[in-house]
Structures are given as C-alpha cells and as structure tokens.
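In order, the protein sequence lines correspond to chains A and B. Its first residue numbered 37, the first sequence is counted upward by one per residue in the working numbering. Its first residue numbered 530, the second sequence is counted upward by one per residue in the working numbering. For every residue, glycine included, the Cβ atom is placed at its ideal position computed from N, Cα and C. As the structure is a computational prediction, the values presented were derived from the model and not from experiment. Read the structure below first, then the notes.
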Amino acid sequence: MALALQQLINGLTLGAVYGLIAIGYTMVYGIIGMINFAHGDIYMVSAFIAVTGFTLLAAFGVHSVALALFVVLALAVLFTSVYGWAVERVAYRPLRGSARLVPLISSIGMSIFLQNLVQLTQGARVKPIPPMITGGVDLLTVDGFTARLSYSQILIVLVTVALLAAFTWLIQRTSFGRRQRACEQDRTMTALLGIDVDRTISLTFMLGAALAAVAGVLVTMYYGVIDFYIGFVAGIKAFTAAVLGGIGSLPGAMLGGLIIGLIEAFWSNYLSAEYKDVATFSILILVLLFRPSGLLGRPEVEKV
Amino acid sequence: MDKKILLAGCGLLSLLAAAAHAEHLVAIAGPMSGQYASAGDQIRKGAEMAVADINAGGGVLGEKLKLEIGDDACDPKQAVSVANTMVNKKIVFMHGHWCSSSTIPASDVYAESQIPMVTVSTNPQVTQRGLPNLFRIMGSDDQQGIVAGGYLAEKFKDRKIAVVDDKSAYGKGLADEMAKAMEAKGVRIALRESITAGEKDYSSLVSKMKSAGIEVMAYGGYHTEVALILRQAQQARLDLTVMGGDTMTNAELVTAAGPAANRVLFTFSPDPRKNPGAADVVRRFREAKVEPEGYVLVAYAAMQLFAQATEQAGSVKYADLEKAVRNGSFDTVIGRLSFDAKGNNREPGFVVYQWKDGEYDYVSQ
C-alpha cells in the first residue's frame, strides 16, 4: 500500500514534467500543424541556463532557495522565450506555405544544431548542482516501507497545476487566446480580419518555450544532473504524451503526460523496468487504434 | 585549355609530393560526442600525447605518425561508418572503439580491410568471434564479473543484493557475469532489473529496491545512470552501495553523485598511475593539466604498443604487424602487454577500487 502510494507520487511528478513539455508541442502543432522537434532542445537549453544561474547565485552568496528559484525561473523564461522566437524566425517562418514535410525536417536540423551548439560551448560533461530542496514529509508506513513526499515533488506538481490553469485561462479568455484559436482554425481568414498572424505564431512559440523553460528549471532542481543530450529522451516522451492526449489539446497534453508517468512508475514496480517503454508505446498504439485523434483531441472535420 | 592541363599537372605534382612525405596514419575511435563524450575525451588526450612523444623521438621507422580521430558517439551504426571512413583514409592502426556495441560491428570492417586494432571494450563477444586483427588490452567482462561478483559474495553475503543493467552489450554482459559469479558462491540475487540509459527518472526503481530491502546494487552500465540512481536513492533515504565495472573510473560520477559516490565500488585494471615506469608520463600529463585517469594512459599505451610492434616488424604491412603484435611482448605505461591466441590480454588483472572524497583507490580490505 505504502509502496503503491510512493509509485503514485513518483509517477505523478514524472508525468507533470512530461506534461509541461508536451504543452509546447501541442500548442505549436495546434497553430501551424507542425511537430517542432527542436522543442526538447529548448528545454535542454533552459536546464543549462538554470545550472549557470544557480551556480552564479550561489557564488554571489544568495542562499535563499526561494529567491534563487524565482530569479532563475525568470531568467530562464526570458532567455528561452528569445530562443523560441529566434528558432521560429530563422527555421520555420521562411518555410511557411511550403509542403508539410519541409518545416519538419528543418526542425530536426534545428534540434541537432542546438544540441551541438550546447555541446561545443558548454562541453560534453554532465553538469551537476548540489541538492537544493532536500526535505519531505513521511506519509504512510506499512511493513517497514515509508512512502515519502519530498518538497521538490510538491513544488513540481503545484507549479504544473498553476501553469496549466493560467494557460487554459489565457487561451480561453483573453484576446490573445482568441487570436490564437482563430489562427488555428483558418490562417487566411484570420489575416483577412486584420490579425497579425506571424506575430501570433511567434508569441505561441515564445509561450511554448517558456513552459519548456519552467520544466527545464524544475528538472535541474529535482534531478540535479543534466547534459546536452537530455532534450532528446524527454522530447520523445513528451511528444508521445501530446499525441496520446490528442495533439492540439492543452488538457490532453497534460493528461497524456500524467498517464505516461503513471504507466512507467507502476509497470516498473509490479512488472519490470526493462519493459516499461514497451508498455508505454503499446498503450499509445492501442489508444490511436480506437481514438485516432488521441484521448481529448477533436476529430478532424474535412470540409467539402 | 592549357590552363586546365597546367592545373592538373600541379595537382599531380602535389599528390606525388604528398606520397613522398607519407606519414603513418594511426587512428582512435570512440564517443567524442554524445552521452559518453568524456570517455572519448580521455582517449583523445592520451593518444595525442603519445603520438607527440613518439614523433618527438623520431617517429616510427623514420616516419612521423599522424593521428586520425573518429567519433562514433557509441552508436553502432555510426561506428560502422567511422570504420569505413578510416579504411578509406588508409590508416595502419586503430585504437578503439570504446563501447562494446560499437566495437563489435566496426571490428568486422577493420578485419575485412586487414587493419590491426587494439580495443578496450570488455564484452566477451569482442574476442570470441576469432577475428585475427583484433587485440584487447583490458580484461573481459567475464573476468571482471568474477572479481566483482566474488568480492560482493564475500563481503556482502548477508545483505540483499540487486543486479541491474542498462541493456547495452557492455552493461548486460557485465551484470550477467556478476550475477553468475555470485550465484556460483551461493548468493541469492534478490532482484534482477534493467533500465533505459539516458533517462533522468529512476525513482520507481529506487522505490522498488527500497521496499525489497536492497542494500547493494551490482550495476552493469555507465557512470551517468549510477550518479542519478544514487542521488534519487538519497532522496528516498535508501543507503545503497554500488558495485560497477571499469566505466566507474570517470570523475564525473563524483561531481554528479556528490558524497554518495563514496559508496561506489568498481573493478578496473591495476591503477597505471601507480606504475613506477609511468611516473614521467604521468607528471607530464599533469603539467599539461590533464589528470591521466581512466582511459588516458590506456590510449597512450596502445600507441606505444603500435610503435614498438612496428619497429619489431620492420614495416606497417598488415601481415608483419599482426604477427609482431600476436607474438610480441610490449613494455608500456600500463605495464607489460602480450596477447593469447584469441587476442585477449594474457594478464589483465582486475582490482576492486572504491571512490573516496573525489579520488579512487584500491578498496581497503
């Protein structure tokens, strides 16, 4: 019982991180119908900004964890949004209107570029930071095993829930959200109505990157070890989460992330960690067989 | 028209000139990029210094050596394409690759093209395939596994032991051998698991081990995953002792795992830095701000081996060189090297080490 509770906590934390990254995939796909494979690497760039930031702040004698976290989050979101904007401007905007496959390949190129850029400028070695938030609360002890909820896990879940709520509000209730949804439905018509489509797309990229930035900072703080390669695995998992939940849907991305996190945790625990990826992707295939547009995705309506 | 002929003539001349000043091309290959790039870095620094030293001493058979560097990123497909590139460049000697899963496919290419190679990859399959061109400096995982498993069976026989690997050719091979060695000594393996390398979250494995009362983890794989598992075990308040293989020599383990690294034991060949014959080379590495840890001195030794074998053979032709390496005995910075009929090091020797506050040393008995 205590072990199951512990795995539930492990799975939810992991799923929240996948979900945060998945939202970026889903938003970009929603607006321009393209998978941005460089998104995982934006997350990696943010993790490097976080390590640099935490190390610098510690060197300047800032010992308040809350302050350090706030400053680093702000810096990472700022820089990473600029990255998101630049990636869109350089690699995707010139290709707008070309065949669907072209920006996809461009995004794979961008992903390789970012990985190698960070490897060359920051080195291939792993970058560690000392554990920052160490405490936690013991929840339940059964047969000598204590389920433990650490403060950093609480933080990750809280931040994720807050961001999801904020973004849902942003998309559903604000004028930017209305413009964004309009672009999703029909870019030509939106442009005819006097809305700057390019600007809306740029903003979407920046917001997606900002979410990846938050995920990058949280992961750095939680796991403490990063390298230039982390964007690849996390990107694949998050992309899977976005597809599972229904690509284009914000709550779907989060749901997909949580499902994958939970499958991984429980499968490793009760069956074997060796086959957890097999389990994850089998469930993805099953879901797509019965619901091709994902769990919460809207089926595509062909207009005749 | 005339100009073109003139140009072609110039080109031909310069080609001839290049042929007259031929250098011996020797190569290293390993993960210069990717997840395990720090190991590739060690190999490169060792080989570069060795080639510079050999050239400063007049080269080999009166010719200078030139070092080619191949990057396989520990990807088997890329390893084969590196091997093909190297064959096209007409190298006469290869030190590499590093990951067993890269060495195995690449070695077939070198064998076909008759290029002698010296590797450190420890998977038993590397030498079991009977390739005539392949020699291994390090011991194999079965030898390594017997030492590591035997040590665990002796020191931790009353504790619960988990055996975990990362599904790579090297990791799974080593973990299987450790498990076999322990079972042979009557130790029951409490948990057998595999993980996916490159992920960040191993908390579910950690929780599983904690609930099973595991205190010792015998691990086959690379240091990055061990660091993450140790950190997450600490967060879950699980005191885990780890026994690993030669890859745990990497100092990144200490920066990444913090004080928990003091709980890491591993097997490796006897520390070449302690070899009195290596003192001068070790000093010069340190002067060049390179700590000759892990594979640095091994790569240096591989180049020494090539130089000595070539001098004995009197040529860089494959048949002569292969015979010289197979029958010879070479005095290197990591000690005397000679090979058996399968190409395995005759006296590999494995010692159990322990990390202690950022340095590793023979484990205190």
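Margin query: Under 8 Å, Cβ to Cβ, is there at least one residue of chain A near Ser720 (chain B)?
Written below: Here the question's residue 720 (chain B) lines up with position 191 in the second sequence. Checking the displayed sequence, the identity of residue 720 (chain B) turns out to be Leu instead of Ser. So no, Leu720 (chain B) is outside the interface.
Check: What span of residues does the alpha helix (DSSP H) with Val75 (chain A) cover, start to end?
Finding: As a first step, residue 75 (chain A) must be located in the first sequence, where it is residue number 39. Per the sequence shown, residue 75 (chain A) should be read as His rather than Val. 75-95 is the extent of the alpha helix (DSSP H) around His75 (chain A).
Notebook entry, point to check: Closer than 8 Å, CB to CB, is Ile207 (chain A) near chain B or not?
Noted result: For the purposes of this step, residue 207 (chain A) is taken as the residue at position 171 of the first sequence. By this cut-off, Ile207 (chain A) is not an interface position.
Next item on the list: Specify the secondary structure class of Leu39 (chain A) as computed by DSSP and reduced to three states.
Entry: Here residue 39 (chain A) is taken as the residue at index 3 of the first sequence, counted from 1. If DSSP states are grouped into helix, strand and coil, Leu39 (chain A) belongs with the helices.
Notebook entry, point to check: Relative to the alpha-carbon of Gln763 (chain B), which residue among B:Gly773, B:Tyr751, B:Ala785 has its alpha-carbon at the smallest distance?
Noted result: Locating residue 763 (chain B) in the second sequence gives position 234, counting from the first residue. Nearest in C-alpha terms to Gln763 (chain B), of all of B:Gly773, B:Tyr751, B:Ala785, is B:Ala785.
Notebook entry, point to check: Does any CB atom of chain B fall closer than 8 Å to the CB of Glu220 (chain A)?
Noted result: Looking up residue 220 (chain A) in the first sequence gives position 184. With 8 Å as the cut-off, Glu220 (chain A) does not count as an interface residue toward chain B.
Note to self: Helix, strand or coil, according to DSSP, for Leu252 (chain A) in the structure here?
What the structure shows: Position 216 of the first sequence holds residue 252 (chain A). Strictly speaking, residue 252 (chain A) in this sequence is Gly, with Leu absent from that position. Note: Gly252 (chain A) maps to helix in three-state DSSP.
Next item on the list: Can you tell me which of the three DSSP states Trp884 (chain B) falls into?
Entry: Position 355 of the second sequence holds residue 884 (chain B). When secondary structure is reduced to three states using DSSP, Trp884 (chain B) falls in the strand class.
Check: Quick one: what's Lys163 (chain A) bridged to in DSSP?
Finding: Along the first sequence, read from residue 1 onward, the residue named residue 163 (chain A) stands at position 127. Note: Lys163 (chain A) sits in a beta bridge opposite A:Ile262.
Margin query: Looking at the secondary structure, which residues open and close the alpha helix (DSSP H) in which Met832 (chain B) lies?
Written below: As a first step, residue 832 (chain B) must be located in the second sequence, where it is residue number 303. From DSSP, the alpha helix (DSSP H) with Met832 (chain B) extends over 825-842.
Note to self: Extract the residue ranges of the alpha helix (DSSP H) inside the stretch 734-772 of chain B, only unbroken runs of 4 or more that lie entirely within it.
What the structure shows: Positions of the alpha helix (DSSP H) runs, each at least 4 residues long and wholly inside the stretch 734-772 of chain B, are given as 752-764 in order along the chain.
Item checked: Endpoints, beta strand (DSSP E) assigned at Ala289 (chain A) -> Looking up residue 289 (chain A) in the first sequence gives position 253. Judged by DSSP secondary structure, Ala289 (chain A) falls outside any beta strand (DSSP E) and instead within the alpha helix (DSSP H) spanning 286-306.
Next item on the list: Identify, in the order they occur along the chain, each residue of the same chain with its Cβ nearer than 6 Å to the Cβ of Leu544 (chain B), setting aside the five sequence neighbours on each side.
Entry: Taking the first residue of the second sequence as position 1, residue 544 (chain B) is located at position 15. With a pLDDT of 48 at Leu544 (chain B), under the threshold of 50, the modelled position of that residue is not reliable, and no figure is offered here.
Checklist line | Option in B:Met772, B:Asp730, B:Ala789 with minimal Cα separation from Leu759 (chain B) | finding: Residue numbering aside, residue 759 (chain B) sits at position 230 when the second sequence is read from its first letter. Of the candidates B:Met772, B:Asp730, B:Ala789, the one whose C-alpha sits nearest the C-alpha of Leu759 (chain B) is B:Ala789.
Notebook entry, point to check: Beta-carbon separation of Ile237 (chain A) and Ile45 (chain A) under 8 Å?
Noted result: Taking the first residue of the first sequence as position 1, residue 237 (chain A) is located at position 201. Taking the first residue of the first sequence as position 1, residue 45 (chain A) is located at position 9. Not closer than 8 Å, so no.
Item checked: Under the three-state DSSP convention, the category Tyr65 (chain A) falls into -> Within the first sequence, the letter at position 29 stands for residue 65 (chain A). In the three-state reduction of the DSSP assignment, Tyr65 (chain A) falls in the helix class.
Note to self: According to DSSP, His624 (chain B) sits in a beta bridge with which residue or residues?
What the structure shows: Taking the second sequence and counting its residues from 1, the one referred to as residue 624 (chain B) is at position 95. Paired residues: B:Ile557, B:Val647.
Check: Counting only beta-carbon atoms, is Leu767 (chain B) nearer than 8 Å to chain A?
Finding: Mapped onto the second sequence, residue 767 (chain B) falls at position 238. Output row for Leu767 (chain B): interface = no.
Note to self: Quick check: Val771 (chain B) and Tyr748 (chain B), are their CB atoms within less than 8 Å of each other?
What the structure shows: Here residue 771 (chain B) refers to the residue found at position 242 when the second sequence is read from its first residue. Here residue 748 (chain B) refers to the residue found at position 219 when the second sequence is read from its first residue. Here Val771 (chain B) is near Tyr748 (chain B), since their CB atoms are less than 8 Å apart.
Check: Considering only C-alpha positions, which residue in the set B:Asp890, B:Arg875, B:Met746, B:Ala828 is nearest to His626 (chain B)?
Finding: Position 97 of the second sequence holds residue 626 (chain B). Here the closest residue by C-alpha is B:Ala828.
Next item on the list: Kindly identify the DSSP beta-bridge partner or partners of Ser186 (chain A).
Entry: Walking along the first sequence from the start, residue 186 (chain A) turns up at place 150. Answer is A:Gly172, bridged to Ser186 (chain A).
Check: Assuming Ala838 (chain B) and Gly857 (chain B) make a contact with CB atoms under 8 Å, what is their CB distance in whole Å?
Finding: Numbered from 1 along the second sequence, position 309 holds the residue referred to as residue 838 (chain B). Numbered from 1 along the second sequence, position 328 holds the residue referred to as residue 857 (chain B). Indeed they touch by this definition, with Cβ atoms about 6 Å apart.
Next item on the list: Give a yes or no on whether 8 Å exceeds the smallest Cβ distance from Arg223 (chain A) to chain B.
Entry: Counting from 1 along the first sequence, the entry for residue 223 (chain A) is found at position 187. Answer no: the Cβ-Cβ gap between Arg223 (chain A) and chain B never drops below 8 Å.
Notebook entry, point to check: Is any beta-carbon of chain A found at less than 8 Å from that of Ala708 (chain B)?
Noted result: Counted from its first residue, the second sequence places residue 708 (chain B) at position 179. No, because no Cβ of chain A sits closer than 8 Å to the Cβ of Ala708 (chain B).
Next item on the list: Taking Lys618 (chain B) as part of the beta strand (DSSP E), name the residues at either end of that continuous run.
Entry: As a working note, residue 618 (chain B) is residue 89 in the second sequence. Premise fails: Lys618 (chain B) is in no beta strand (DSSP E) and is neither H nor E.
Next item on the list: Using the Cα positions of Val173 (chain A) and Gln42 (chain A), report the straight-line distance between them to the nearest angstrom.
Entry: Numbered from its first residue, the first sequence carries residue 173 (chain A) at position 137. Numbered from its first residue, the first sequence carries residue 42 (chain A) at position 6. Approximately 12 Å between the Cα atoms of the pair.
Margin query: Tell me the DSSP secondary structure of Phe241 (chain A) in three-state form.
Written below: As a first step, residue 241 (chain A) is located in the first sequence; it is residue number 205 there, counting from the start. DSSP places Phe241 (chain A) in the helix class (H, G or I) of the three-state scheme.
Next item on the list: Give a yes or no on whether 8 Å exceeds the smallest Cβ distance from Pro328 (chain A) to chain B.
Entry: In the first sequence, residue 328 (chain A) corresponds to position 292, counting from 1. So, not an interface residue.
Check: Using 8 Å as the limit for Cβ to Cβ distance, is Gln216 (chain A) near chain B?
Finding: Residue 216 (chain A) sits at position 180 when you count from the first residue of the first sequence. Not one chain B Cβ lies under 8 Å of Gln216 (chain A).
Check: For the candidate residues B:Ser844, B:Lys686, B:Gly750, B:Lys739, whose alpha-carbon lies nearest to that of Glu701 (chain B)?
Finding: Start at 1 with the first residue of the second sequence, and residue 701 (chain B) comes out as number 172. According to the sequence displayed, residue 701 (chain B) carries Lys and not Glu. Ranking the options by Cα distance to Lys701 (chain B), first place goes to B:Gly750.
Notebook entry, point to check: Distance, Cα to Cα, Phe96 (chain A) vs Pro801 (chain B)?
Noted result: Taking the first sequence and counting its residues from 1, the one referred to as residue 96 (chain A) is at position 60. Taking the second sequence and counting its residues from 1, the one referred to as residue 801 (chain B) is at position 272. Approximately 40 Å between the Cα atoms of the pair.
Next item on the list: Would you mind telling me which residues of chain B sit closer than 7 Å to Gly341 (chain A), beta carbon to beta carbon, in chain order?
Entry: Nothing about residue 341 (chain A) can be reported from this structure: the residues present for chain A run from 37 to 340 only.
Note to self: Here's the rule I'm using: 16 or more other beta-carbon atoms within 10 Å means buried, otherwise exposed. How should Ala836 (chain B) be labelled?
What the structure shows: The residue labelled residue 836 (chain B) in the question sits at position 307 within the second sequence. Buried is the call here.
Note to self: With H, G and I counted as helix, E and B as strand and the rest as coil, what does DSSP make of Leu137 (chain A)?
What the structure shows: Mapped onto the first sequence, residue 137 (chain A) falls at position 101. Looking at Leu137 (chain A) - three-state DSSP - the assignment turns out to be helix.
Next item on the list: Pull up the CB-CB distance for Ile557 (chain B) and Gly599 (chain B), whole angstroms please, since I reckon it's below 8 Å.
Entry: The sequence position of residue 557 (chain B) within the second sequence is 28, counting from 1. The sequence position of residue 599 (chain B) within the second sequence is 70, counting from 1. Taking the Cβ atoms as the reference, Ile557 (chain B) lies roughly 7 Å from Gly599 (chain B), within the contact range of under 8 Å.
Next item on the list: Would you be able to state if there are at least three C-beta pairs under 8 Å between the stretch 149-168 of chain A and the stretch 246-254 of chain A?
Entry: No: the two stretches stay apart, fewer than three of their Cβ pairs being nearer than 8 Å.
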